[in-house]
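S.K.: Quick one: structure below, then a few questions.
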Amino acid sequence: DGQQRLTAQLKGHEGPVWKVAWAHPKFGSLLASCGYDMKVIIWKEVGTQWQKAFVDGSHSASVNDVAFCPWEHGCRVACASSDG
Numbered sequence: 013d014g015q016q017r018l019t020a021q022l023k024g025h026e027g028p029v030w031k032v033a034w035a036h037p038k039f040g041s042l043l044a045s046c047g048y049d050m051k052v053i054i055w056k057e058v059g060t061q062w063q064k065a066f067v068d069g070s071h072s073a074s075v076n077d078v079a080f081c082p083w084e085h086g087c088r089v090a091c092a093s094s095d096g
């Protein structure tokens, strides 16, 4: 019907989220998010719910970008932060 509908809300960041990236489907329903709160969160869909699989809070400034590498290199993620 072309209509969008909300299916889930992922709550984990404490400020604006700058980017969300999907992993290759080979790894299941997995995504990464990054934001102003200096965190990278890896999310995994379990059943019909999304759960935090990992939280990286090691940055000292905003995390501005996040991306998964090509599937041939495994399930790896890179991020870019204002802390250098």
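With our numbering, the residue at position 49 of the sequence shown is 61, and numbering never jumps.
Note that beta-carbon positions come from the ideal geometry of N, C-alpha and C, so glycine has one too.
(1) Tell me the rounded alpha-carbon separation between A54 and R17.
(2) What number of angstroms, rounded off, separates the C-alpha of D49 from the C-alpha of K56?
(3) Would you check if the distance between the CB atom of A35 and the CB atom of L43 is smaller than 8 Å?
(4) In three-state DSSP terms, what is K23?
(5) Give the single residue among C91, F80, G27, K31 whose Cα lies nearest to the Cα of H71.
(6) Expressed to the nearest angstrom, what Euclidean distance is found between the alpha-carbon atoms of S94 and V58?
(7) I'd like to confirm the pairing. Which residues does DSSP put opposite F39 in its beta bridges?
M.R.: Taking the structure as given:
(1) In the sequence under discussion, the amino acid at residue 54 is Ile, which differs from the Ala named in the question. For I54 and R17, the distance between alpha carbons rounds to 23 Å.
(2) Taking the straight line joining both Cα atoms gives about 20 Å.
(3) yes
(4) coil
(5) C91
(6) 32 Å
(7) BP columns for F39 are empty, so no partner.
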